[in-house]
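Engineer:
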Amino acid sequence: MQTSDRTNISSQSQPPLFPARTATVKRTTGETDVQVSLNFDGTGTCSADTGIPFLDHMLHQLSSHGLIDLDVKATGDIEIDDHHTNEDVGITLGQAFAQALGDRKGIVRFGHFIAPLDEALVQVALDFSGRPHLSYGLEIPTQRVGTYDTQLVREFFVALVNHSKMTLHIRQLDGINSHHIIEATFKAFARSVRMATEIDTRRAGMIPSSKGVL
Numbered sequence: 001m002q003t004s005d006r007t008n009i010s011s012q013s014q015p016p017l018f019p020a021r022t023a024t025v026k027r028t029t030g031e032t033d034v035q036v037s038l039n040f041d042g043t044g045t046c047s048a049d050t051g052i053p054f055l056d057h058m059l060h061q062l063s064s065h066g067l068i069d070l071d072v073k074a075t076g077d078i079e080i081d082d083h084h085t086n087e088d089v090g091i092t093l094g095q096a097f098a099q100a101l102g103d104r105k106g107i108v109r110f111g112h113f114i115a116p117l118d119e120a121l122v123q124v125a126l127d128f129s130g131r132p133h134l135s136y137g138l139e140i141p142t143q144r145v146g147t148y149d150t151q152l153v154r155e156f157f158v159a160l161v162n163h164s165k166m167t168l169h170i171r172q173l174d175g176i177n178s179h180h181i182i183e184a185t186f187k188a189f190a191r192s193v194r195m196a197t198e199i200d201t202r203r204a205g206m207i208p209s210s211k212g213v214l
């Protein structure tokens, strides 16, 4: 019994194989003040307070389906419109992605998912490639969901892609309801991120590129 106890204590005291993949980024401009904290190895707990209720709802989808612990706080000039806050949340989230993943050693790197939501069906494929690129194929039929301007979906992903340095392809395979199309997109994106950021135990400590750098 004593030997077993010593073994357990020794095992518990060993450092984890991979460092914590967490980040906190604060970004302040003359238009917005945004802070994002995240943990890629979380359980999907989320706090989102951006002043844009629909964006908060989508951030909860990202957290829950990506198993990312996420805390987002933002204030901005939403008395003008939601554009600056929406974009700056995307920028700051992208910076937090990049900081938490670091040199991207050990990750799977690629992710893909097709998410259905009632009549909507959206496909996402992504690569934490170090090369920002967005191919955006949503056709959202209405200008607004509630008070949210649906043009801002693309602006959010442009900002996130540029600052996380990922390649992201979004394809709408079906859908006529704007809310369903957007939510299916965030769910597919979340699951793709989860797949891509999983640790590949066969490549532990290695950068997943034939070039040796991302």
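Under the numbering used here, think of the first position of the sequence shown as 1, with each following residue one higher. We put the CB at the ideal spot given by N, CA and C, even for glycine. Note that the structure is predicted; figures quoted are calculated from it, not measured.
Given A188, which residues of its chain have a CB within under 7 angstroms of its CB, disregarding the five upstream and five downstream residues?
Structural biologist: To locate residue 188, count along the sequence shown from 1; it is residue 188. Excluding positions up to five away in sequence, the list reads F113, I114, A115, V122, Q123, V124.
Engineer: Use the C-beta contact count for M58: other C-beta atoms within 10 angstroms, 16 or more gives buried, fewer gives exposed.
Structural biologist: Taking the sequence shown and counting its residues from 1, one reaches residue 58 at position 58. Answer is buried; the Cβ neighbour count reaches 16.
Engineer: Starting from the Cα of T214, find the closest Cα among K26, S37, K105, Q35 and give me that residue.
Structural biologist: Within the sequence shown, numbered from 1, the residue matching residue 214 stands at position 214. The residue you asked about is not Thr; residue 214 is Leu in the sequence shown. Nearest C-alpha to L214: K105.
Engineer: What residues in its chain sit with their C-beta under 8 angstroms from that of T43, if we drop five residues either side in the sequence?
Structural biologist: Counting from one through the sequence shown, the residue named residue 43 turns up at place 43. Excluding positions up to five away in sequence, the list reads L67, D69.
Engineer: Quick one: give me the first and last residue of the beta strand (DSSP E) that G137 is part of.
Structural biologist: Position 137 of the sequence shown holds residue 137. Run containing G137: 133-137, per the beta strand (DSSP E) assignment.
Engineer: Please classify S63 as buried or exposed, where buried requires at least 16 neighbouring CB atoms within 10 angstroms.
Structural biologist: For the purposes of this step, residue 63 is taken as residue 63 along the sequence shown, with counting starting at 1. Label assigned to S63: buried.
Engineer: Could you compute how far the alpha carbon of V89 sits from the alpha carbon of T24?
Structural biologist: Walking along the sequence shown from the start, residue 89 turns up at place 89. Walking along the sequence shown from the start, residue 24 turns up at place 24. One C-alpha to the other measures close to 13 angstroms.
Engineer: I'd like to confirm the pairing. Which residues does DSSP put opposite T28 in its beta bridges?
Structural biologist: The sequence position of residue 28 within the sequence shown is 28, counting from 1. T28 is bridged to D33.
Engineer: On a Cα-Cα basis, can you pick out the residue from T147, E198, Q99, R194 that is closest to S37?
Structural biologist: Counting from 1 along the sequence shown, the entry for residue 37 is found at position 37. Nearest of T147, E198, Q99, R194 to S37, Cα basis: Q99.
Engineer: Could you pull out every residue in the same chain whose Cβ sits closer than 8 angstroms to the Cβ of V145, ignoring the five residues on either side in sequence?
Structural biologist: As a position in the sequence shown, residue 145 is number 145, starting the count at 1. Once the five neighbours on either side are set aside, the close Cβ partners of V145 are F54, S178, H179, I182.
Engineer: When you compare the CB positions of A96 and D33, do they come within less than 9 angstroms of one another, or not?
Structural biologist: The sequence position of residue 96 within the sequence shown is 96, counting from 1. The sequence position of residue 33 within the sequence shown is 33, counting from 1. Not in contact: A96 and D33 (Cβ atoms no closer than 9 angstroms).
Engineer: Taking the straight line between their C-alpha atoms, what separation do you get for T29 and R202?
Structural biologist: In the sequence shown, the residue the question calls residue 29 occupies position 29. In the sequence shown, the residue the question calls residue 202 occupies position 202. Taking the straight line joining both Cα atoms gives about 42 angstroms.
Engineer: Once the 5 residues before and after S13 are set aside, which same chain residues still bring their CB inside 7 angstroms of it?
Structural biologist: For the purposes of this step, residue 13 is taken as residue 13 along the sequence shown, with counting starting at 1. Summary for S13: the model assigns pLDDT 42, below 50, so the residue's position carries little reliability, and this model does not support an answer.
Engineer: Hey, out of D118, F186, H65, whose CA is closest to R154's CA?
Structural biologist: Looking up residue 154 in the sequence shown gives position 154. When only C-alpha atoms are compared, the closest one is F186.
Engineer: Name the residue from D81, Q61, A48 whose alpha carbon lies nearest to the alpha carbon of L117.
Structural biologist: Numbered from 1 along the sequence shown, position 117 holds the residue referred to as residue 117. Among D81, Q61, A48, the Cα nearest to that of L117 is on Q61.
Engineer: Under DSSP, the beta strand (DSSP E) around S64 begins and ends at which residues?
Structural biologist: Sequence index remark: in the sequence shown, residue 64 carries index 64 (1-based). No beta strand (DSSP E) contains S64, which is instead part of the alpha helix (DSSP H) from 53-66.
Engineer: Residues in the same chain with beta-carbon distance under 7 angstroms from Q172, minus the five sequence neighbours each way, listed in chain order, please.
Structural biologist: In the sequence shown, residue 172 corresponds to position 172, counting from 1. Excluding positions up to five away in sequence, the list reads V122, G137, L138, E139, I181.
Engineer: Give the range of the beta strand (DSSP E) segment to which A125 is assigned.
Structural biologist: Residue numbering aside, residue 125 sits at position 125 when the sequence shown is read from its first letter. It spans 120-127 - the beta strand (DSSP E) in which A125 sits, taken as one unbroken run.
Engineer: Once DSSP output is grouped into helix, strand and coil, what is the label at G205?
Structural biologist: Taking the sequence shown and counting its residues from 1, one reaches residue 205 at position 205. Looking at G205 - three-state DSSP - the assignment turns out to be coil, as it is neither helix nor strand.
Engineer: Got a sec, what are the start and stop residues for the alpha helix (DSSP H) R191 sits in?
Structural biologist: In the sequence shown, the residue the question calls residue 191 occupies position 191. Segment 178-197, the alpha helix (DSSP H) holding R191.
Engineer: K211 to G130, Cα distance in whole Å?
Structural biologist: Here residue 211 is taken as the residue at index 211 of the sequence shown, counted from 1. Here residue 130 is taken as the residue at index 130 of the sequence shown, counted from 1. When rounded, the distance between both Cα atoms is 12 angstroms.
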